[in-house]
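Trainee: Here my numbering = 1-based position in the sequence shown + 1.
Shown below is the structure under consideration.
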Amino acid sequence: MALSKQRTRKDDRLELRLEPASRRLLDDAAAASSMSVSAFVLAHATEAARALLADRTSFVLPDDRWDAFTELIERDARPLPGLAAFLARPTVFDEA
Numbered sequence: 002m003a004l005s006k007q008r009t010r011k012d013d014r015l016e017l018r019l020e021p022a023s024r025r026l027l028d029d030a031a032a033a034s035s036m037s038v039s040a041f042v043l044a045h046a047t048e049a050a051r052a053l054l055a056d057r058t059s060f061v062l063p064d065d066r067w068d069a070f071t072e073l074i075e076r077d078a079r080p081l082p083g084l085a086a087f088l089a090r091p092t093v094f095d096e097a
């Protein structure tokens, strides 16, 4: 019995309004990559989205720097009077 390849149906659409120069640039880049414009834009947009979100959710340190980092965060808290005073000051969001 042959196994059939299961395909994911693509139902969502994303439409863009572009200036002609941007469209030509995307067309040329897609052609140079042997991809359709849709595939090119989707691949590069999702790659950029993953990179942006990864920068906000995780970070990587070399082992020696990781050890120093964990040592710092495991220390007991110490009072910072200057910071406490700064945070106690009224802000532009406080009512006058």
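Every residue gets a Cβ at the ideal spot worked out from N, C-alpha and C, and that includes glycine.
Suppose the cutoff is 8 Å on Cβ atoms and the five residues either side in sequence are ignored; what does the same chain contact list for LEU27 look like?
Mentor: The sequence position of residue 27 within the sequence shown is 26, counting from 1. Only LEU19, VAL38, PHE41 and VAL42 meet the Cβ criterion.
Trainee: Which residues bound the alpha helix (DSSP H) around GLU16?
Mentor: Locating residue 16 in the sequence shown gives position 15, counting from the first residue. Premise fails: GLU16 is in no alpha helix (DSSP H) and is neither H nor E.
Trainee: Between which two residues does the alpha helix (DSSP H) harbouring VAL42 extend?
Mentor: The residue you call residue 42 lines up with position 41 of the sequence shown. Run containing VAL42: 38-58, per the alpha helix (DSSP H) assignment.
Trainee: How is the alpha helix (DSSP H) around ARG79 delimited, first residue to last?
Mentor: Here residue 79 refers to the residue found at position 78 when the sequence shown is read from its first residue. Run containing ARG79: none; DSSP gives neither H nor E here.
Trainee: Which residues in the same chain have their Cβ closer than 7 Å to the Cβ of SER34, if we skip the five residues on either side of it in sequence?
Mentor: To locate residue 34, count along the sequence shown from 1; it is residue 33. Same-chain partners within the cutoff: PHE41.
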